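A short write-up of the structure that comes next.
Residue numbers (this note's numbering), protein chains in the order written: chain A, 968 to 1302; chain B, 968 to 1302.
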């Protein structure tokens, strides 16, 4: 599939979805929309993913099959400044793939235009309507279940899940990612956006995903939010108890001291987090935090490696930055 | 308001909503529907609430304003065996008040019949459609915020909230309950069923309730589920972090060893639970468990009082069974 990605004013640091699709999907990316970086190229910012031009508007993008909304503002709202590009995309016959709380299919203008041009508005956060409460049976699948957990939102849980999947596949293991958020769903083509599910059914939705994934050597479940997040901790807990993991990987961004978007809330220390995740898991599953991942993207090599070592010491298990060093070392700690 | 309560095959032990309305609301109850106990009376089972006849069908109930669905099956589904009584109620001009996940207003037959007889189908679990993520601002309201938490579902959180409210009012304090579940909403006439809210917004819904309640001497927030529940722990966490309480009251049912409906999951010890609730609260609010409530309804006095004393010792704070001894003693521990 040939796709364009919308990431206005956010590429690459604040466009997690865009970067994830560039890095892990099988799509051919024909252009990235970011009016602040128009004229540059993807590899000017991220050297190790497929390259594409960065453009100002959808009118400059070559023919393609879909436009993916590659940014996710806090709260999942729609930015009116995207409207013109989405309109153009529909008029060019592109499907629109979005992971917003605001469903494009509920937008009157887009709905009418999509009908007229026979394209699909795919709101990947729109959950199935037959979800139920959890039965507590995720443990019944064969194979290891590894959950990525974090010290905040945007701490690398999705990336870590895919990096670990790739490392496991390189060893010949039958490995899969269980996507619980919009980016993972866009990359893999299946999953449920658990944060959009009725809270009573959030653990049940996670459990269903584990069962749908079925027997593998190893499943990497994408966690969401964090246990200490003032708004999203309920989603985190539902995924932890719904997935019943055997093992957890704690993801952290180096230097992060306060919760993203909530400067009055401190991020607990990594060692506090290890204890918290294990204690909350304990009544349902005896999962331990067996490895750590730390994002050191803001640092040079000289600063990064001691930072990784210090993080490993704090949490008492092997740790790495998989973007620098791959995920092979921490895979050993999990298996 | 004159109301009837449907509680077929579940009154009184498994009809929490029915009993809550009988005990704490200002409605006049004209009949309880339970085909297994027809011919008996409410006070044959619960001596200290308003009395009413127990009847087999809605046809035997005197004229009234509303039929409240007073039972909540696991999963919140609709029981087809209730259909005839609801039909009769609508034909007699009664509004129907339900707290199910299945919305009666989505039922074609009831919808048409309600239109025909000009009655309202009130699905109290249907949340507002303008909810948002939490801002983390519940702490800004004046007055103490006390959250009831539990070792399982149906452990007395709603009852404890109302008993503490009544005890506080008897001391001349300005006290209110913040209802987060269907029974509390039916009793007070306001609130949000947080378990029905999109999981990303569950903490935000709780925060909104705190702000809507506003400044009081003391607010008693009705908790839901438990932190160790395989299906509902996410709701519990969302309420804990959304409410940002100053204080928690741990509710427990004497002798409860496994999670209701999940016999393969053990209920952690009360002392483990105290630690768990305080540790999970800590990143957001420094709330402590300051009192305990234990339901000893299955015991005689000789057995109950040592059980209460032992529970108090386990959790390290004053405890009581408010149905036996009132809530005055534990109110002292909270204030």
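Every residue gets a Cβ at the ideal spot worked out from N, C-alpha and C, and that includes glycine.
Only a predicted model underlies this, so the values are computations on that prediction, with no experimental measurement involved.
Beta carbon proximity, residue i to chain A, threshold 7 Å
i: residue 1095 of chain B; result: no
i: residue 1251 of chain B; result: yes
i: residue 1163 of chain B; result: yes
i: residue 1208 of chain B; result: yes
Any chain B beta carbon closer than 7 Å to residue i
i: residue 1073 of chain A; result: no
i: residue 1229 of chain A; result: yes
i: residue 1197 of chain A; result: yes
i: residue 1235 of chain A; result: yes
i: residue 1121 of chain A; result: no
Option nearest residue i by Cα separation, candidates the options
i: residue 1284 of chain B; options: B:1250, B:1266, B:1170 and B:1241; result: B:1241
i: residue 1230 of chain B; options: B:1064, B:1255 and B:1196; result: B:1196
i: residue 1062 of chain B; options: B:1291, B:1029, B:1033 and B:1261; result: B:1033
i: residue 991 of chain B; options: B:1180, B:1150, B:1237 and B:1256; result: B:1150
i: residue 1300 of chain B; options: B:1111, B:1223, B:1048 and B:1139; result: B:1111
i: residue 970 of chain A; options: A:1239, A:1037 and A:1007; result: A:1037
i: residue 1018 of chain B; options: B:1035, B:1004 and B:997; result: B:997
i: residue 999 of chain A; options: A:968, A:1035, A:1014 and A:1015; result: A:1035
i: residue 1250 of chain B; options: B:1208, B:989 and B:1113; result: B:1208
i: residue 1054 of chain B; options: B:1040, B:1030 and B:1081; result: B:1081
i: residue 1052 of chain A; options: A:975, A:1135 and A:1113; result: A:975
i: residue 1282 of chain A; options: A:1291, A:1237, A:1152 and A:1272; result: A:1237
i: residue 1050 of chain B; options: B:1016, B:1041 and B:1065; result: B:1065
i: residue 1193 of chain B; options: B:1239, B:1040, B:1001 and B:1010; result: B:1239
i: residue 1270 of chain B; options: B:1253, B:1291 and B:1252; result: B:1291
i: residue 1206 of chain B; options: B:1013, B:1159 and B:1235; result: B:1159
Residues near residue i by beta carbon distance below 6 Å, same chain, minus five either side
i: residue 1044 of chain A; result: 1069
i: residue 1128 of chain B; result: 1115, 1144, 1187 and 1189
i: residue 980 of chain B; result: none
i: residue 968 of chain B; result: 994 and 1032
i: residue 1130 of chain B; result: 1289 and 1294
i: residue 977 of chain A; result: 1038
Min CB distance residue i to chain C below 7 Å
i: residue 1204 of chain B; result: Chain labels in this structure do not include chain C; the protein chains are A and B.
Partners in chain B for residue i, counting only beta-carbon separations shorter than 9 Å
i: residue 1041 of chain A; result: 1100
i: residue 1247 of chain A; result: 1194, 1195, 1200, 1204, 1243, 1246 and 1247
Neighbourhood of residue i by C-beta distance below 7 Å, restricted to the same chain and skipping five residues each side
i: residue 1156 of chain A; result: none
i: residue 1121 of chain B; result: 983 and 1227
i: residue 1261 of chain A; result: 1219, 1221, 1274, 1275, 1278, 1286 and 1288
i: residue 1084 of chain B; result: 1057, 1058 and 1060
i: residue 1134 of chain A; result: 1293, 1294, 1295 and 1298
i: residue 1141 of chain A; result: 1183 and 1184
Under 8 Å from the C-beta of residue i: neighbouring residues of chain B
i: residue 1103 of chain A; result: 1197, 1198, 1229, 1231 and 1232
Check: residue i C-beta below 6 Å from any heavy atom of the ligand SAH
i: residue 1118 of chain B; result: What this structure holds is no ligand at all, so the ligand SAH is not there to describe.
Partner residues on chain A for residue i, Cβ-Cβ distance less than 8 Å
i: residue 1293 of chain B; result: Under the 8 Å cutoff, chain A gives no residues; its nearest Cβ is about 32 Å from residue 1293 of chain B.
Chain A contact residues for residue i, given Cβ-Cβ distances below 7 Å
i: residue 1169 of chain B; result: 1166 and 1201
Residues near residue i by beta carbon distance below 8 Å, same chain, minus five either side
i: residue 1008 of chain A; result: 1018, 1019, 1020 and 1021
i: residue 1105 of chain A; result: 1112, 1173, 1174, 1177, 1178, 1209, 1210 and 1211
i: residue 987 of chain B; result: 1125, 1126, 1129, 1150, 1151, 1153 and 1154
Taking contact to mean 3 or more Cβ pairs, one atom from each stretch, closer than 8 Å, check whether the region 1242-1258 of chain A and the region 1112-1132 of chain B are in contact. At 8 Å Cβ cutoff, the stretches do not touch.
Touch test, the region 1095-1114 of chain B against the region 1067-1081 of chain B, Cβ-Cβ under 8 Å, three pairs minimum: no
Could you say if the region 1155-1163 of chain A and the region 1090-1099 of chain A meet the contact criterion of at least three C-beta pairs nearer than 8 Å? Yes, the region 1155-1163 of chain A is in contact with the region 1090-1099 of chain A.
Given 8 Å, three or more beta-carbon pairs between the region 1212-1219 of chain A and the region 1255-1266 of chain A: A contact exists between the region 1212-1219 of chain A and the region 1255-1266 of chain A.
Does the region 1291-1300 of chain A come into contact with the region 1021-1029 of chain B, if we say contact requires no fewer than three beta-carbon pairs (one atom in each stretch) closer than 8 Å? no
Contact between the region 1167-1179 of chain B and the region 1196-1208 of chain A (3+ Cβ pairs under 8 Å): yes
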